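Quick note on the working numbering: the sequence shown kicks off at 4 and runs consecutively.
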Amino acid sequence: EPWLEFSPAARAAAQGRAMGRVIRGSRKGKSLIFSAKTRLRKGAVKLRAVDYAERHGFMKGLVKNIIHDPGRGAPMCEVVFHDPYRYKLTKEKWVAVEGLHTGQFVYCGSKAQLSVGNCL
Numbered sequence: 004e005p006w007l008e009f010s011p012a013a014r015a016a017a018q019g020r021a022m023g024r025v026i027r028g029s030r031k032g033k034s035l036i037f038s039a040k041t042r043l044r045k046g047a048v049k050l051r052a053v054d055y056a057e058r059h060g061f062m063k064g065l066v067k068n069i070i071h072d073p074g075r076g077a078p079m080c081e082v083v084f085h086d087p088y089r090y091k092l093t094k095e096k097w098v099a100v101e102g103l104h105t106g107q108f109v110y111c112g113s114k115a116q117l118s119v120g121n122c123l
């Protein structure tokens, strides 16, 4: 058919290809310069693993530091607990709730009181 010779769009459609550009939103997924800057992130935010002490009582932790994590809307805090099974300290990273400050004691467990920073 002679009209296929003159129209590149029609020729591409007949061959099963799409004409036009790849839109910018699609190109962002492919390139290295549009990727998220994750090098300076501080780490994952998790609560304590629920163990015997938390199920039947509570654990006392100390808020050591409040950290800004790039790419996260809320500040993080570093909470230090005594390990219930070994002689060592364990550090946890939590999302810092409003009203939390460094030097504050926070309590985790089923018997913890309902107050700012505690995890029931």
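Every residue gets a Cβ at the ideal spot worked out from N, C-alpha and C, and that includes glycine. On a predicted model such as this, the values are computed, not experimentally measured, just so you know.
If distances are taken between C-alpha atoms only, which option among Q116, V98, V25 and S118 comes closest to P78? Selected option, being the one with the closest Cα: V98.
Opening and closing residue of the beta strand (DSSP E) in which H85 lies: Start and end: M79 to H85.
What separation, rounded to the nearest whole angstrom, lies between the Cα atoms of K114 and H59? Approximately 7 angstroms, taken between the alpha carbons.
Looking at chain B, is there any beta carbon in it that lies within less than 8 angstroms of the beta carbon of G46? As a matter of chain content, chain B is missing from the structure shown, which is built from one protein chain.
Mapping the DSSP letters down to three states, classify E95 as helix, strand or coil. Three-state result, E95: strand.
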